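Participant: Okay, here's the structure, questions in a sec.
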Amino acid sequence: MIPQISQAPGVVQLVLNFLQALEQQGFTGDTATSYADRLTMSTDNSIYQLLPDAVVFPRSTADVALLARLAAEPRFTSLIFTPRGGGTGTNGQALNQGIIVDMSRYMNRIIEINPEEGWVRVEAGVIKDQLNQALKPYGYFFAPELSTSNRATLGGMINTDASGQGSLVYGKTSDHVLGIRAVLLGGDILDTQ
8 MIPQISQAPG VVQLVLNFLQ ALEQQGFTGD TATSYADRLT MSTDNSIYQL LPDAVVFPRS
68 TADVALLARL AAEPRFTSLI FTPRGGGTGT NGQALNQGII VDMSRYMNRI IEINPEEGWV
128 RVEAGVIKDQ LNQALKPYGY FFAPELSTSN RATLGGMINT DASGQGSLVY GKTSDHVLGI
188 RAVLLGGDIL DTQ
């Protein structure tokens with residue numbers, strides 16, 4: 008049984024200062040500190056429950072870079088950040104008591120499908136079933152098959168190197184990734200392609 012969170016603790020001032028600075032510097036996404044929003048992000052597909060201090064929902068890579076740049080400032084280096092997709096991991100990877108960076112609300116676009124070369128470019132919040140629906144007319148699909156494929160995001164699958172039914176035949180997630188664009192602490196963008 009999952010232990011209940013017995014009270015609604017307030018948000019620490021440092022987190023509120025970070026969110027205020029984030030908005031002042033042009034963050035275009037959403038931020039959430041209400042108990043209801045935080046409670047929604049306190050569980051995933053595991054047995055664990057951790058109430059975060061806040062949730063941020065970036066709209067773009069520029070928002071993620073701004074967040075990472077601000078997080079690297081000395082006054083905010085004690086804050087903890089955890090990216091989150093669909094929250095389908097079974098080991099608590101998407102949980103923490105700091106700030107959750109939810110990639111699924113806005114960064115869920117399929118940017119490009121190149122059927123001639125057999126690749127796609129997507130944002131981290133794209134759901135696996137959403138991608139496979141878009142690929143179906145071209146005769147392609149993204150493996151592996153997951154029981155949570157109607158909620159699992161590509162960013163989360165890459166983060167955990169998800170595998171499932173059919174992985175022996177089609178491979179795990181990393182066998183199908185050609186490149187990644189990642190934002191590093193400090194805001195630098197790394198392209199592996």
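Sequence positions in the sequence shown follow my numbering and run 8 to 200. Backbone N, C-alpha and C define an ideal beta-carbon position, used for all residues, glycine too. A quick note: this is a predicted structure, and the numbers were derived from the prediction, not measured.
For Arg158 versus Thr95, is the C-beta distance shorter than 7 Å?
Facilitator: Counting from 1 along the sequence shown, the entry for residue 158 is found at position 151. Counting from 1 along the sequence shown, the entry for residue 95 is found at position 88. The answer is yes: Cβ separation under 7 Å.
Participant: Buried or exposed for Gly143, please, with buried defined as at least 16 other CB atoms from any protein chain shown within 10 angstroms of its CB.
Facilitator: For the purposes of this step, residue 143 is taken as the residue at position 136 of the sequence shown. The residue you asked about is not Gly; residue 143 is Lys in the sequence shown. With a 10 Å radius around the Cβ and a threshold of 16 neighbouring Cβ atoms, Lys143 comes out exposed.
Participant: How long is the line joining the alpha carbons of Arg116 and Met110, rounded to whole angstroms?
Facilitator: Position 109 of the sequence shown, counting from 1, holds the residue named residue 116. Position 103 of the sequence shown, counting from 1, holds the residue named residue 110. When rounded, the separation of the alpha-carbon atoms in Arg116 and Met110 is 11 Å.
Participant: Would you call the CB atoms of Leu192 and Ala28 closer than 7 Å?
Facilitator: Counting from one through the sequence shown, the residue named residue 192 turns up at place 185. Counting from one through the sequence shown, the residue named residue 28 turns up at place 21. Taking 7 Å as the Cβ cut-off, Leu192 and Ala28 do not qualify as a contacting pair.
Participant: How would you write the range of the alpha helix (DSSP H) that Ala189 sits in, first residue to last?
Facilitator: Position 182 of the sequence shown, counting from 1, holds the residue named residue 189. For Ala189, no alpha helix (DSSP H) segment is defined; the enclosing uninterrupted segment is the beta strand (DSSP E) at Arg188 to Val190.
Participant: Could you give the residue range of the alpha helix (DSSP H) that holds Glu30?
Facilitator: For the purposes of this step, residue 30 is taken as the residue at position 23 of the sequence shown. For Glu30, the enclosing alpha helix (DSSP H) has its first and last residue at Gln20 to Gln31.
Participant: Using the rule of at least 16 other Cβ atoms within 10 Å of the residue's Cβ for burial, across every protein chain shown, is Phe64 buried or exposed?
Facilitator: For this step, residue 64 is matched to residue 57 along the sequence shown. Counting Cβ neighbours within 10 Å, Phe64 comes out buried, since at least 16 surround it.
Participant: Do you know how far the Cα of Asn121 is from the Cα of Asp182?
Facilitator: What you label residue 182 is simply residue 175 of the sequence shown in a count that begins at 1. What you label residue 121 is simply residue 114 of the sequence shown in a count that begins at 1. Between the C-alpha atoms of Asp182 and Asn121 there is a straight-line separation of about 18 Å.
Participant: Of all the options Ile87, Val127 and Met114, which has the alpha carbon lying nearest to the alpha carbon of Ile106?
Facilitator: Here the question's residue 106 lines up with position 99 in the sequence shown. It is Ile87.
Participant: Based on Cα-Cα distance, which residue from Gly33, Tyr113 and Pro81 lies nearest to Gly92?
Facilitator: Residue mapping note: residue 92 aligns to position 85 of the sequence shown, counting from 1. Checking every option, the nearest Cα to that of Gly92 belongs to Tyr113.
Participant: Distance, Cα to Cα, Ile196 vs Gln56?
Facilitator: Taking the first residue of the sequence shown as 1, we reach residue 196 at position 189. Taking the first residue of the sequence shown as 1, we reach residue 56 at position 49. When rounded, the distance between both Cα atoms is 31 Å.
Participant: Please work out which residues of its chain come closer than 8 Å, Cβ to Cβ, to Thr84, disregarding the five sequence neighbours upstream and downstream, and give them in chain order.
Facilitator: Taking the first residue of the sequence shown as position 1, residue 84 is located at position 77. Hits under 8 Å: Ala78.
Participant: What residue range does the beta strand (DSSP E) around Thr155 cover?
Facilitator: Within the sequence shown, numbered from 1, the residue matching residue 155 stands at position 148. From DSSP, Thr155 is part of no beta strand (DSSP E); its letter is neither H nor E.
Participant: Report yes if the C-beta distance between Arg45 and Leu58 is below 7 Å; otherwise report no.
Facilitator: Working through the sequence shown from its first residue, we reach residue 45 at position 38. Working through the sequence shown from its first residue, we reach residue 58 at position 51. For Arg45 and Leu58, yes; Cβs fall inside 7 Å.
Participant: Do the region 69-77 and the region 122-130 meet, that is, are 3 or more Cβ pairs less than 8 Å apart?
Facilitator: no
Participant: Where in the region 53-115 do unbroken runs of the beta strand (DSSP E), each at least 3 residues long, occur, reported from the N-terminal end onward?
Facilitator: DSSP runs (the beta strand (DSSP E)) wholly in the region 53-115: 61-64, 88-91 and 106-109.
Participant: Quick one: grab the DSSP three-state call for Ala169.
Facilitator: Within the sequence shown, the letter at position 162 stands for residue 169. Coil, per DSSP.
Participant: At the level of alpha carbons, what is the spacing between Asp51 and Asn98?
Facilitator: As a position in the sequence shown, residue 51 is number 44, starting the count at 1. As a position in the sequence shown, residue 98 is number 91, starting the count at 1. Their backbone Cα atoms lie some 9 Å apart in a straight line.
Participant: Between Gly36 and Arg66, is the Cβ-Cβ spacing less than 7 Å?
Facilitator: The count along the sequence shown starts at 1 and reaches residue 36 at position 29. The count along the sequence shown starts at 1 and reaches residue 66 at position 59. Against a cut-off of 7 Å, the Cβ pair of Arg66 and Gly36 comes out as a contact.
Participant: Any idea if Val22 is buried or exposed, counting beta-carbon neighbours within 10 angstroms, 16 or more meaning buried?
Facilitator: Here the question's residue 22 lines up with position 15 in the sequence shown. In the assembly as shown, Val22 is a buried residue. Its beta-carbon has 16 or more other beta-carbons within 10 Å.
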